[in-house]
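Reading through the structure tokens given below for one structure.
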Amino acid sequence: CAVVGVFNVKGAAQIAYFGLFALQHRGQEAAGICSNKDGKFHLIKDRGLVTRVFSEKKIKKLKGDMAIGHTRYSTAGDDSILDAQPVYARYDLGEIAIVHNGNLTNAKEVRDQLIKRGAIFQTFMDTENMIHLIAKSEKERLLDRITDALHKVEGAYSFVIQSRNKMYAVRDRFGFRPLSLARLGDGYMVASETCAFDLVGAEFIRDIQPGEMVIFEKGKAPRSIQVFEPNPHKCIFEYIYFARPDSVVYGKNVYSLRKKMGQELAKELPVEADMVVPVPDSGVAAALGYSQESGIPFELGIMRNHYVGRTFIEPTQELRNLKVKMKLSPIREVIEGKKLIVIDDSIVRGTTSKQIVSMLKEAGAAEVHMRISSPPTTDPCYYGVDTPEKEKLISARMTTEEICDYIGADSLAYISIDGLMRAVGDDKNYCKACFDGNYVV
Ligand code: 5GP
Ligand code: SF4
Ligand code: MG
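Residue 402 in UniProt numbering is what sits at position 394 of the sequence shown, and the numbering runs on without skipping anything.
Structure below.
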């Protein structure tokens, strides 16, 4: 998912809209914005892409100089309109809206307890827990209620919360999901990735730290509270796949790191071939790195249809299969009779690689050597990335050799965890549970 927050900026909803547009790659199932004019909330959310959910006319209805927004990629809950965000509620302190990127690992326990105490839920989202916890807290001030609630939830969250006159941005103590802060005119903006700031001309200030909450209040500089002792486990998969290459995530540019992953791949797993071909778009930067390191020419041997979104996000296997074909097709003139090194960022279920190899062979490729810029995905993510359950992960069921057979490649190899860490530059502060099974919570 993506979250944005805009505070003390004229036409805040318009800015939030552009922010979400830049962050569309983080979720395509639903989008929503809740703005606030003098304490009165305006909410529009629906299923579909940002451009489908919002029109100029709709944005105009979202009045006020505060807004929060969300694009949804379902990891918890349902693919229904009910599960679009922002989550909005009226309660004893007025109105409140919240957006969430992440996944609460104790959601079910908390929800069951709340239901026992009489809470009525409207959605299947873990995020709704926060609203109930805030509403039921005994504390008087909202800030204390939010803090109270945060002590009851566990797992991954970057939350942006809007009240009648304030905005709160908070990141869990592990910092699983990114969240950055920028200045925009006299106001401020927070967003999952810095590419949202670039689009609207906001000036990046810094990342919100793991365990930190930043409070925005009119006429005051933003205040920071360290709610939890930080224990950084930043998602390394943001670098491998999830984030946009032009973003600076955890202080480093994503594109440069992906290229380095490609360079490491070339060093670790060389192979003789005529050209290096990326699986677009996710494999492009790593393929360029591989090509430059190995001296083997880079060629765009596979075309991508840009009107098809990210294939992985589709909820069923049939849809995913069809979408891979709709999205990617080989350029026969480039690859015919050639030995190819094909680079992709990851193999999850094996859908993409299997189809790519068969397409390339049908189009006359002499050899296809798959090289993957992440280690084998052996374990599911419980922290906000929608990897399927363990049984569906091809690397949990098969050895690399078996996968190579299954996808029909001439060879298959993955970057090592050490190689990945060399590319990223330090090894202490990252979550890599989907590659090594070490879950911190
Ligand atoms: P597979 O087809 O093996 O199931 O998935 C691998 C492909 O999906 C890769 O091309 C990769 O770029 C993309 N991918 C891998 N992990 C994720 C994910 O968590 N979310 C999304 N949206 N795409 C992913
Ligand atoms: Fe990221 Fe993988 Fe950790 Fe999930 S398990 S937060 S995808 S590194
Ligand atoms: Mg891909």
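Glycine included, every Cβ here is placed at the ideal spot set by N, Cα and C. In this text, all values refer to a predicted model and were calculated from it rather than measured experimentally.
Measure the Cβ-Cβ separation of residue i and residue j and say whether it is below 8 Å.
i: residue 472; j: V107; result: With the chain covering 9 to 449 only, the question about residue 472 has no answer from this structure.
i: residue 5; j: N437; result: In the structure as shown, the chain starts at 9 and stops at 449, and residue 5 therefore has no counterpart that could be examined.
i: P388; j: F443; result: no
i: D215; j: S188; result: yes
i: V279; j: S381; result: no
i: A293; j: G270; result: yes
i: A97; j: A39; result: no
i: I339; j: M311; result: yes
i: I349; j: V285; result: yes
i: L401; j: T408; result: no
i: D353; j: S361; result: no
i: G27; j: V208; result: yes
i: L265; j: A431; result: yes
i: P218; j: R185; result: no
i: G392; j: A177; result: no
i: A10; j: N109; result: yes
i: V256; j: E246; result: no
Among the options, which has the Cα closest to the Cα of residue i?
i: N313; options: I128, F129, A294, L336; result: L336
i: L428; options: G35, S366, K268; result: K268
i: Q22; options: G35, K260, S43, I223; result: S43
i: A210; options: A20, Q271, V118; result: A20
i: D73; options: V17, D289, A177; result: V17
i: G183; options: L122, S145, V235; result: V235
i: G102; options: A374, T135, D46; result: D46
i: Y447; options: T202, K242, I364; result: K242
i: A373; options: Y390, T386, Y391, K347; result: K347
i: E301; options: D289, A274, V257; result: A274
Could you check the C-alpha separation between residue i and residue j for me, to the nearest Å?
i: Y263; j: L31; result: 16 Å
i: L112; j: A164; result: 6 Å
i: M175; j: E307; result: 47 Å
i: R172; j: F62; result: 23 Å
i: F212; j: R191; result: 6 Å
i: K331; j: V316; result: 7 Å
i: K147; j: E272; result: 52 Å
i: V365; j: I415; result: 7 Å
i: G309; j: E276; result: 23 Å
i: I304; j: V342; result: 14 Å
i: F132; j: D91; result: 7 Å
i: E225; j: L151; result: 12 Å
i: D413; j: S403; result: 13 Å
i: K66; j: M367; result: 43 Å
i: G126; j: Q36; result: 34 Å
Identify every residue that forms a DSSP beta bridge with residue i.
i: R80; result: A38
i: K45; result: K48
i: G56; result: Its beta-bridge partners do not exist; DSSP assigns none.
i: A177; result: V168, V222
If we cut at 8 Å on Cβ distances, does residue i have a partner in chain C?
i: D254; result: Absence of chain C from the displayed structure is noted, only one protein chain being present.
- Who's in the neighbourhood of the ligand SF4, going by beta-carbon under 6 Å from any heavy atom, listed in chain order? The set of residues with a C-beta under 6 Å from any non-hydrogen atom of the ligand SF4 comprises F184, C243, I244, F245, C389, Y391, V393, C439, K440, A441, C442, given in chain order.
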